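**Q** Residue numbers (this note's numbering): 5 to 130.
Beta carbons: idealized from backbone N, C-alpha and C, even for Gly.
Since we're looking at a predicted model, the values are computed, not measured.
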Amino acid sequence: MPAAHTAPRQSTRDLPVVDLGAAREARRLREFQARTRAIDELNRKALARLYQTGLVYTRQGARLGRDLLLAHQHLLRVGDLLIRIGELAGPAAAGDAEAFYDEARDLLARTSKLTSRTGLVFARGR
Numbered sequence: 005m006p007a008a009h010t011a012p013r014q015s016t017r018d019l020p021v022v023d024l025g026a027a028r029e030a031r032r033l034r035e036f037q038a039r040t041r042a043i044d045e046l047n048r049k050a051l052a053r054l055y056q057t058g059l060v061y062t063r064q065g066a067r068l069g070r071d072l073l074l075a076h077q078h079l080l081r082v083g084d085l086l087i088r089i090g091e092l093a094g095p096a097a098a099g100d101a102e103a104f105y106d107e108a109r110d111l112l113a114r115t116s117k118l119t120s121r122t123g124l125v126f127a128r129g130r
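Below you can see the structure in the form of structure tokens.
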């Protein structure tokens with residue numbers, strides 16, 4: 005019977021242990037932060053365009069400007085929520101984090117809706 009080649013075993017102390025749950029949560033938080041930054045950039049561009057076109061000085065433009073400022077307030081709240089999520093630790097905090105994620109998701113949806121109205125007005129104005 006031929007002898008099987010056996011590789012020397014490494015000690016388990018040498019191998020890093022990766023908490024997949026924590027890695028998923030970190031990735032989820034990074035994705036929310038990236039999405040928030042993207043929406044904020046879109047919001048800022050829409051507000052700048054509103055001023056550049058002079059539309060802000062009309063009744064409709066003033067309303068759109070207020071909507072964009074409300075969207076910016078929503079984004080600030082989302083940023084605060086994401087900071088709080090990042091500060092949470094432990095398995096007991098998972099429920100709190102989920103509540104914060106739900107609120108952040110709702111605010112991002114509202115923000116996207118407010119910002120998209122501005123895009124529709126610009127599209128009609130062309």
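#1: Could you give the distance in angstroms between the alpha-carbon of residue 60 and the alpha-carbon of residue 72?
#2: Leaving aside the five residues before and after residue 44 along the sequence, list all residues of the same chain whose C-beta is less than 7 Å from its C-beta, in chain order.
#3: How do the region 74-94 and the region 108-123 stand: do at least 3 beta-carbon pairs fall below 8 Å, yes or no?
#4: Starting from the C-beta of residue 130, find all residues in its chain whose C-beta is less than 6 Å away, skip the five residues before and the five after it, and write them out in chain order.
#5: Straight-line CA distance for residue 22 to residue 28?
**A** On the basis of the coordinates in this document:
#1: Here residue 60 corresponds to residue number 56 of the sequence shown, with the count starting at 1. Here residue 72 corresponds to residue number 68 of the sequence shown, with the count starting at 1. Taking the straight line joining both Cα atoms gives about 11 Å.
#2: On the sequence shown, position 40 is the one that residue 44 refers to. 79.
#3: Verdict: yes, contact present.
#4: Your numbering for residue 130 matches position 126 in the sequence shown. Low confidence applies to residue 130: its pLDDT is 49, below 50, so where it sits in the model is not reliable, and the reading given next is rough at best. Around residue 130: no qualifying Cβ.
#5: To locate residue 22, count along the sequence shown from 1; it is residue 18. To locate residue 28, count along the sequence shown from 1; it is residue 24. A straight-line Cα-Cα distance of about 11 Å links residue 22 and residue 28.
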